[in-house]
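Participant: Residue numbers (the numbering used here): 1 to 475.
Each residue gets a CB set at the ideal place from its N, CA and C atoms; glycine is no exception.
Nothing here was measured: the structure is a model prediction, and the numbers come from that model.
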Amino acid sequence: MRSCCSSRDRDRISDLPDEILGKILSLVPTKVAVSTSVLSKRWRMSNLLVHVDTLSFDESMVVYPNEEAVSGSSDRFLDFLDKTLRNCLTKTIKKFSLSHRGGSFTRSPAIYGWILSALEEEQGCLEEVHLECTRIEVNLERKLLTSNTLVKLTLSREYCLEVDRVYFPALKSLSLLTVGGLDYNNYRRLIKGCPVLEDLIVTDIGADTLDPYPPCCTTHVESASIKRLVLSVDMPYGDPNNLHSFHELHDLTYVKAPSLVYLDYSSHVFMDYRFLDLDSLLRVRLNLKLWDHHKPNKPIYGDVTNLAAGIRNITTLHLSPDSLEAFHFCCKSMPVFKNLLNLSIQSNNKKGWQIIFSRLLLVYTFSRLVFFRGLVHRVTDKCGDACACTPNNKHNKKMKSKVISCLWTCPVKVLEIVEYGGSFQELKQMRHFLGNLESLETVRVGIDADNSMFLRANLLALPIVSPNCNNIDFI
1 MRSCCSSRDR DRISDLPDEI LGKILSLVPT KVAVSTSVLS KRWRMSNLLV HVDTLSFDES
61 MVVYPNEEAV SGSSDRFLDF LDKTLRNCLT KTIKKFSLSH RGGSFTRSPA IYGWILSALE
121 EEQGCLEEVH LECTRIEVNL ERKLLTSNTL VKLTLSREYC LEVDRVYFPA LKSLSLLTVG
181 GLDYNNYRRL IKGCPVLEDL IVTDIGADTL DPYPPCCTTH VESASIKRLV LSVDMPYGDP
241 NNLHSFHELH DLTYVKAPSL VYLDYSSHVF MDYRFLDLDS LLRVRLNLKL WDHHKPNKPI
301 YGDVTNLAAG IRNITTLHLS PDSLEAFHFC CKSMPVFKNL LNLSIQSNNK KGWQIIFSRL
361 LLVYTFSRLV FFRGLVHRVT DKCGDACACT PNNKHNKKMK SKVISCLWTC PVKVLEIVEY
421 GGSFQELKQM RHFLGNLESL ETVRVGIDAD NSMFLRANLL ALPIVSPNCN NIDFI
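1. At which residues does the beta strand (DSSP E) containing PHE270 begin and terminate?
2. From VAL196 to LEU462, what distance separates their C-alpha atoms?
3. Would you report the Cα separation of ASN348 and ASP322, rounded to the nearest angstrom?
4. Just checking my contact of CYS194 with VAL269 at CB under 8 Å: how many whole Å lie between their CB atoms?
5. Is LEU427 buried or exposed, if buried means 16 or more other CB atoms sit within 10 Å of its CB?
6. Let's test the definition: count the other Cβ atoms within 10 Å of the Cβ of MET453 and tell me whether it reaches 16, buried, or not, exposed.
7. If you count every other CB in all the chains shown that lies within 10 Å of the CB of LEU27, and 16 or more means buried, which is it?
8. I need the DSSP call for PHE337, collapsed to helix, strand or coil.
9. Could you check whether the Cβ of ILE93 sits closer than 8 Å to any Cβ belonging to chain B?
10. Do you know how far the Cα of MET334 is from the Cα of ALA309?
11. Whole angstroms is fine: what's the gap from TYR159's alpha carbon to CYS125's?
12. Could you say which of ASN313, ASP199, SER320 lies nearest to LEU340 if we only look at CA atoms?
13. Which same chain residues, not among the five before or five after LYS332, have their C-beta less than 8 Å away from its C-beta?
14. Does the distance from the C-beta atom of LEU455 to that of ILE447 stay below 8 Å?
15. Count the other CB atoms within 10 Å of the CB of TYR466; is the residue buried (16 or more) or exposed (fewer)?
16. In this structure, does DSSP put TYR184 in helix, strand or coil?
17. Once you ignore the five residues that flank GLU127 on each side, which residues in its own chain have a CB closer than 7 Å to its CB?
18. For a quick check, are the C-beta atoms of ARG189 and VAL166 less than 8 Å apart?
19. Looking at the structure shown, is ASN348 part of a helix, part of a strand, or coil, going by DSSP?
20. Which residue from HIS328, VAL336, PRO411 puts its Cα closest to that of LEU369?
21. Considering only the beta carbon of each residue, do LEU252 and ASP272 sit closer than 8 Å?
22. Along the chain, where does the beta strand (DSSP E) that runs through HIS51 open and close?
23. Could you have a look at LYS332 and say whether DSSP puts it in helix, strand or coil?
24. If you drop the 5 nearest sequence neighbours on each side, which residues of the same chain put their C-beta closer than 6 Å to that of VAL284?
25. Could you please give me the residues that DSSP links to TYR167 through a beta bridge?
26. Nearest to LEU89 by alpha carbon, out of LEU288, THR146, LEU278, GLY22?
27. Once DSSP output is grouped into helix, strand and coil, what is the label at TYR301?
28. Which of the three DSSP states, helix, strand or coil, is assigned to LYS289?
29. Ends of the alpha helix (DSSP H) at GLY22?
30. Which value, in whole angstroms, describes the spacing of the CA atoms of CYS387 and PHE337?
31. If distances are taken between C-alpha atoms only, which option among ASN342, LEU140, ASP292, SER267 comes closest to LEU282?
32. Under 8 Å between the Cβ atoms of LEU116 and LYS91?
33. Using DSSP's beta-bridge definition, name the partner residues of LEU276.
34. Between which two residues does the beta strand (DSSP E) holding VAL179 run?
35. Among residues of its own chain, excluding the 5 on either side of SER232, which ones have a beta-carbon nearer than 6 Å to its beta-carbon?
What follows is the structure, encoded as structure tokens:
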């Protein structure tokens with residue numbers, strides 16, 4: 001019995017080789033990894049940090065959780081950094097992350113000096129660096145912008161880059177997250193110094209609303225190697241009352257990327273777009289927003305006509321509710337999307353469907369799969385004959401006598417709806433789809449309601465005009 005208990009209570013983790021323990025500790029924040037030294041005598045005696053390949057420092061985990069950024073808190077964080085990095089070998093680290101959210105960075109050169117040593121290590125293997133500083137501006141040394149091993153780099157918030165020479169021959173992923181200290185010229189040098197860059201992410205999430213200038217890299221992207229591009233400009237920069245300044249900041253968005261395959265673009269509409277050499281582009285996700293300061297009887301600012309023309313060869317298109325209105329009000333003509341196979345539409349009760357079956361009809365005609373996230377939308381008199389929720393007025397009463405529907409010519413084979421709530425408007429729209437889409441083969445519905453059995457019964461009772469579709473699949 002004693003032998004059994006002894007076997008059960010045995011510390012099996014400590015029996016693992018140091019190399020295996022180092023791999024385990026690499027999976028947790030470095031603060032947690034350092035704290036494991038209290039677990040056993042062997043862990044205290046062994047410096048397991050020399051076997052980790054990932055370092056992740058977050059000031060919020062080192063300073064007391066409920067403590068504000070007051071004098072002395074950053075000093076404790078930097079003391080912890082200094083002590084920990086002295087016990088780590090630069091040649092073994094593959095991934096380094098640093099998030100510093102408060103206080104002074106007067107001793108930062110020592111920290112960034114360690115990163116530089118890891119980058120310059122002849123036998124080093126540092127592949128990923130993620131840096132975040134939110135309270136004061138940190139000037140990155142030019143030497144930090146040259147590495148033969150770095151594959152992934154993230155810069156977030158208050159970093160200032162003075163780029164004379166940049167060379168990242170192996171860098172494939174670059175994320176610039178609300179980097180305020182990066183002007184246009186330095187940004188272009190940074191991109192040019194990454195000849196094999198494949199993934200570029202640029203956002204301004206959390207930016208200062210009083211900042212009069214948007215991140216420069218969200219309006220100009222030119223790269224022969226980029227395959228995946230995410231641009232998010234969600235702050236309405238500039239003073240709408242100062243039209244010259246406002247128009248200058250939102251005049252043109254330029255993208256030239258012959259290798260681009262995926263684009264995720266979120267922004268208020270610009271006056272013009274130059275989307276060039278995008279023949280490889282297959283998938284696009286758009287979140288285009290109208291300006292809130294639009295005045296009655298005045299033209300709506302922005303024109304997305306050239307944007308639509310630049311992405312006309314894609315196979316998959318995702319549209320947000322705001323994008324539907326942006327295309328309706330700010331697109332002079334819609335090109336034929338002859339290669340489009342998948343059309344995804346997100347809907348809400350504040351945005352209308354005017355664009356879906358009017359200017360997007362050419363898109364819809366060539367699509368084989370149509371995906372709706374919700375069917376509830378704002379009812380207008382321009383939804384078209386593919387929408388079942390026409391408003392009650394004399395004009396539309398006359399239109400009811402017509403039996404022609406544009407849905408008859410749509411070769412849509414798969415119709416998928418998620419977040420279906422079973423309202424009268426949604427059921428009416430489902431009846432309209434199933435009664436007019438003659439090429440349907442598959443219908444999939446995800447129900448977002450408690451009385452799902454009742455809603456399923458209502459849907460299964462609807463007539464389906466397509467001879468190739470016999471049932472509705474619930475997901």
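Facilitator: Let's see:
1. Segment: none, PHE270 is in no beta strand (DSSP E) and carries neither H nor E.
2. 53 Å
3. 9 Å
4. About 29 Å; that fails the 8 Å criterion.
5. buried
6. exposed
7. LEU27 should be labelled exposed.
8. coil
9. The chain labelled as chain B is not found in the depicted structure, where only one protein chain is given.
10. The straight-line gap from Cα to Cα measures roughly 7 Å.
11. 24 Å
12. ASN313
13. ASP303, THR305
14. When the beta-carbon positions are compared, LEU455 and ILE447 come within less than 8 Å of each other.
15. Sequence check: residue 466 is Ser here, not Tyr. It is buried - the Cβ of SER466 has at least 16 other Cβ atoms within 10 Å.
16. helix
17. LYS94, LYS95, THR149, LEU150, VAL151, LYS152
18. yes
19. coil
20. PRO411
21. yes
22. Taken as a continuous stretch (DSSP letters only), HIS51 belongs to no beta strand (DSSP E), as it is neither H nor E.
23. LYS332: coil per DSSP, three-state reduction.
24. Excluding sequence neighbours, VAL284 sits near LEU263, ILE311, ILE314, LEU317.
25. THR146
26. GLY22
27. coil
28. strand
29. Annotation for GLY22: the continuous alpha helix (DSSP H) segment containing it runs 18 to 25.
30. 21 Å
31. ASN342
32. Between LEU116 and LYS91, the CB-CB gap reaches or exceeds 8 Å.
33. Residue pairing by DSSP places LEU276 opposite LYS256 in a beta bridge.
34. Counting along the chain, VAL179 falls outside any beta strand (DSSP E), and DSSP gives it neither H nor E.
35. THR203, SER266
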